[in-house]
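Enquirer: Protein chains in written order, with this note's numbering: chain A, 1 to 371; chain B, 1 to 371.
For each residue, glycine too, the CB sits at the ideal point set by N, CA and C.
Got a structure here, written out as structure tokens. Questions coming.
Structure (structure tokens):
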């Protein structure tokens, strides 16, 4: 075994994440590591909390970044909010609904699946039927921004419906945060998780998360301990919220948090509404360019995520071969289809720092060259 | 809210971790982010695996870095290896034994506690008594390098004993890896986890881990699913081990892995035996200097971890105040006592990149100046 330093190529990242990480964020990650209990680091953690609150548009006290990727954020929500035999309505319109089901089952809950076609948004009428048929349901869980299809569902309406039937809502916005409007407090969302490597354009590895007071009460009053020690929010609350000296829970990923902090500072400089607007405007540019190439979209215009453009692979194009060609010859990464859409679609991300005119031109020119 | 870029101070990190991160590792973390399914990244992941195998001195196929800190590594071992009502012998001679107990309970096992005094190594005779009294025990779990006390226990003897009674061994070497001799294959350890922020001197946030074939078989033949989706090694095996295209499990922390890769390359350049030797030699230098100041060690000489020196706080010294003075006036971080040792001891780390003559001089001079 003889390994040497790893020098990655300079890719243009236009897949479903990670997105391009700006030099500001990269440089932040290279700053000297300090202790996780250093008062200066703790002050920075407080800023990260405020900045995540801003990104989510929430005053929720229980808002922070989990020290692991978005999928751990998902697990954290279900681990804390699901108790033995709790019925959970899972809206499944793509790959990540299946993940939710797995989580509910493993944490002892009973998943009630509401199916929608991949590429369609969650049908609120079907969810209401499921709630009527399961009056003892405790939670409604759904994906705001389906990374597998590029479809956007309606967290406001779905959360309202959940509340009408006495349920909490758990919302996956891994791909949504900072890319499309999201108002956690105004929409009264109860638990929400995201990732850093999508529209925030920090490196992957952390999961911003937020819980309403209603969720917090449920967690504090659980009949049984949270099965995962690492995810138990009763323990984590004291780590992030403790007065003065924090109690030790785990060692935070210091340099990754430097990067997230910088990405969030950049978001606050741009303004969250401007970020939403930029993502929408750049989607239009890319859409027009792709349609000029005769390429069609999977998702209806009004339900599209501007940050994740799922297009049918042009006829006669060999999926993997062409994606590899884009990567090798143009340093351009786009995403393959997942699950039932594998081989049928490509997913073109315009997320965060990747959502810019330069990338759109590069993407259109490269695709034009290979198809 | 008005946050600006975070510029950390230049600390000398001589607490129980994180340790000083070298400029090579910091620079590696700032390299351009590429996709986690990029063939070039996957090749780097393969190198990380080989390099972790080298650090652990193992050929175990199931060796990788968990995408979360050391405490998640602990949870991963217990989540996968403990099934409902499994008896687990927990050797508790410090803070982290308690953590193991919590994990066993949450994953449905029955912990059998073998207590030793904080600062003493695990007493193998007591463990044998516990095994005799619990012939149906399935696992013996212990801490190789207790981060709360600086004591070293004997994984070789304890694993042999576990096997004599038909048990698997789970070993916590968060602080041990690369700092003291550790031969996972020769000692036939069944499951072991570490952290990146101790003697490897990468930034915190990842957990190197390794499982023997015996463990792998147990995991593959579980009666029930692993309760944690994120930690289920049956899923993760396909992510790290899959031929050709990896199946998607979660998005790896790309830049953190760049840093770990570089830290492991540096370890392979130095040679693992030389790393062990350096840690031991520097301990002697620090020990002599501290003893000249009239300072005493908690742990008996022969059981000391060279990378973590736990000393009694000199009489008349106000613990927190002096540690803060060291931090503010000398940019020197040393560790406080944990649990029953809080206020009684300091923990001085000489881990990885921090284990050098320059740091020892700075530490001795600073302590001399404040006490």
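Restricting to Cα atoms, I'd like to know which of B:145, B:170 and B:264 is closest to residue 176 of chain B.
Expert: Checking every option, the nearest Cα to that of residue 176 of chain B belongs to B:145.
Enquirer: Is the beta carbon of residue 108 of chain A sitting closer than 8 angstroms to the one on residue 143 of chain A?
Expert: Contact: no.
Enquirer: Using alpha carbons as the reference points, say which of A:366, A:314 and A:3 lies closest to residue 328 of chain A.
Expert: For residue 328 of chain A, the nearest C-alpha among the options comes from A:366.
Enquirer: Can you give me the C-alpha to C-alpha distance between residue 235 of chain B and residue 300 of chain B, rounded to a whole angstrom?
Expert: Each residue's alpha carbon lies about 43 angstroms from the other.
Enquirer: Note the first and the last residue of the continuous alpha helix (DSSP H) segment covering residue 54 of chain B.
Expert: Counting along the chain, the alpha helix (DSSP H) containing residue 54 of chain B begins and ends at 39-56.
Enquirer: Quick check on the DSSP output: the beta strand (DSSP E) that includes residue 276 of chain A runs from which residue to which?
Expert: First-last for residue 276 of chain A: 272-292, but that is the alpha helix (DSSP H), not the beta strand (DSSP E).
Enquirer: Nearest CA to the CA of residue 370 of chain B: which residue from B:351, B:345, B:314 and B:337?
Expert: For residue 370 of chain B, the nearest C-alpha among the options comes from B:314.
Enquirer: May I ask you to list the residues that DSSP assigns as paired with residue 210 of chain A?
Expert: The partner list for residue 210 of chain A (beta bridge, DSSP) reads A:63 and A:192.
Enquirer: Among B:56, B:124 and B:364, whose alpha-carbon lies nearest the alpha-carbon of residue 289 of chain B?
Expert: Among B:56, B:124 and B:364, the Cα nearest to that of residue 289 of chain B belongs to B:364.
Enquirer: In chain B, which residues lie less than 7 angstroms from residue 67 of chain A when you measure between Cβ atoms?
Expert: Within 7 angstroms Cβ-Cβ: 68, 69 and 205.
Enquirer: Rounded to whole angstroms, what is the Cα-Cα separation between residue 121 of chain A and residue 149 of chain A?
Expert: Going from the Cα of residue 121 of chain A to the Cα of residue 149 of chain A covers about 10 angstroms.
Enquirer: By the DSSP assignment, the beta strand (DSSP E) with residue 153 of chain A in it spans what residues?
Expert: Here residue 153 of chain A belongs to no beta strand (DSSP E), and DSSP marks it neither H nor E.
Enquirer: What residues of chain B sit near residue 265 of chain A, judged by a beta carbon separation below 7 angstroms?
Expert: By Cβ distance, chain B contributes 3, 4 and 5.
Enquirer: Is it true that the stretch 255-264 of chain B meets the stretch 278-298 of chain B, where meeting means three or more beta-carbon pairs spaced less than 8 angstroms apart?
Expert: Verdict: no, contact absent.
Enquirer: Is the stretch 80-92 of chain B touching the stretch 50-62 of chain B in the sense that three or more CB pairs, one from each, lie closer than 8 angstroms?
Expert: Cβ pair count under 8 angstroms is below three, so no.
Enquirer: With DSSP as the reference, please indicate the residues paired to residue 93 of chain B in a beta bridge.
Expert: Answer is none; residue 93 of chain B lacks a bridge partner.
Enquirer: Can you tell me whether DSSP reads residue 131 of chain A as helix, strand or coil?
Expert: Residue 131 of chain A: helix per DSSP, three-state reduction.
Enquirer: Rounding to the nearest angstrom, what Cα-Cα distance links residue 334 of chain B and residue 349 of chain B in this structure?
Expert: Going by the C-alpha atoms only, they are around 7 angstroms apart.
Enquirer: Would you mind giving the Cβ-Cβ distance between residue 68 of chain B and residue 208 of chain B, rounded to the nearest angstrom? I have them listed as a contact below 8 angstroms.
Expert: Not a contact, Cβ separation roughly 12 angstroms.
Enquirer: Along chain B, in chain order, which residues have C-beta atoms closer than 9 angstroms to that of residue 262 of chain A?
Expert: Simply 5 and 6.
Enquirer: So if I threshold CB-CB distances at 8 angstroms, which residues from the stretch 15-32 of chain B count as touching chain A?
Expert: Those would be 15, 17, 18, 20, 21, 24, 26, 27, 28, 29, 30, 31 and 32, in chain order.
Enquirer: For residue 347 of chain A and residue 305 of chain B, I'd like the C-alpha separation in whole angstroms.
Expert: Taking the straight line from one Cα to the other gives about 51 angstroms.
Enquirer: Give me the chain A residues within the contact set of residue 117 of chain B, using Cβ-Cβ distance strictly less than 7 angstroms, ordered along the chain.
Expert: Under the 7 angstroms cutoff, chain A gives no residues; its nearest Cβ is about 21 angstroms from residue 117 of chain B.
Enquirer: Taking 8 angstroms as the cut-off, decide whether the C-beta atoms of residue 187 of chain B and residue 155 of chain B are in contact.
Expert: Contact: yes.
Enquirer: Could you tell me how far apart the beta carbons of residue 261 of chain B and residue 71 of chain B are, in whole angstroms, since I believe they sit closer than 8 angstroms?
Expert: Rounded, the Cβ-Cβ distance is 22 angstroms, inconsistent with contact.
Enquirer: Give me the subset of the stretch 276-289 of chain B whose CB atoms are less than 9 angstroms from a CB atom of chain A, sorted by chain position.
Expert: Here the close residues number zero.
Enquirer: Determine, for residue 256 of chain B, whether the minimum Cβ-Cβ distance to residues of chain A falls below 8 angstroms.
Expert: Yes, residue 256 of chain B lies at the interface with chain A (some Cβ there is under 8 angstroms from its Cβ).
Enquirer: Does the Cβ of residue 368 of chain A have 16 or more other Cβ atoms within 10 Å, making it buried, or fewer, making it exposed?
Expert: By the neighbour-count rule (16 or more Cβ atoms within 10 Å), residue 368 of chain A is not buried but exposed.
Enquirer: Could you tell me whether the stretch 34-42 of chain A touches the stretch 213-224 of chain A, where touching means 3 or more Cβ pairs closer than 8 angstroms?
Expert: Touching, no.
Enquirer: Does the distance from the CB of residue 127 of chain A to the CB of residue 161 of chain A come in under 8 angstroms?
Expert: Contact: yes.
Enquirer: Measure from the C-beta of residue 360 of chain B to each C-beta in chain A and report whether the shortest distance is under 8 angstroms.
Expert: Chain A, which has no Cβ nearer than 8 angstroms to the Cβ of residue 360 of chain B, makes this no.
Enquirer: Just the C-alpha distance for residue 9 of chain A and residue 32 of chain B, rounded to the nearest angstrom, thanks.
Expert: Distance between the alpha carbons of residue 9 of chain A and residue 32 of chain B is about 7 angstroms.
Enquirer: Quick check: residue 263 of chain A and residue 202 of chain A, are their CB atoms within less than 8 angstroms of each other?
Expert: In contact: residue 263 of chain A and residue 202 of chain A (Cβ atoms closer than 8 angstroms).
Enquirer: Cα separation between residue 5 of chain A and residue 200 of chain B?
Expert: Going by the C-alpha atoms only, they are around 15 angstroms apart.
Enquirer: Along the chain, where does the alpha helix (DSSP H) containing residue 186 of chain A start, and where does it finish?
Expert: Unbroken run through residue 186 of chain A: none, as it is neither H nor E.
Enquirer: Just the chain B side, please: which residues come within less than 8 angstroms of residue 296 of chain A by C-beta, in chain order?
Expert: Neighbours of residue 296 of chain A on chain B: none; closest Cβ ~25 angstroms, over 8 angstroms.
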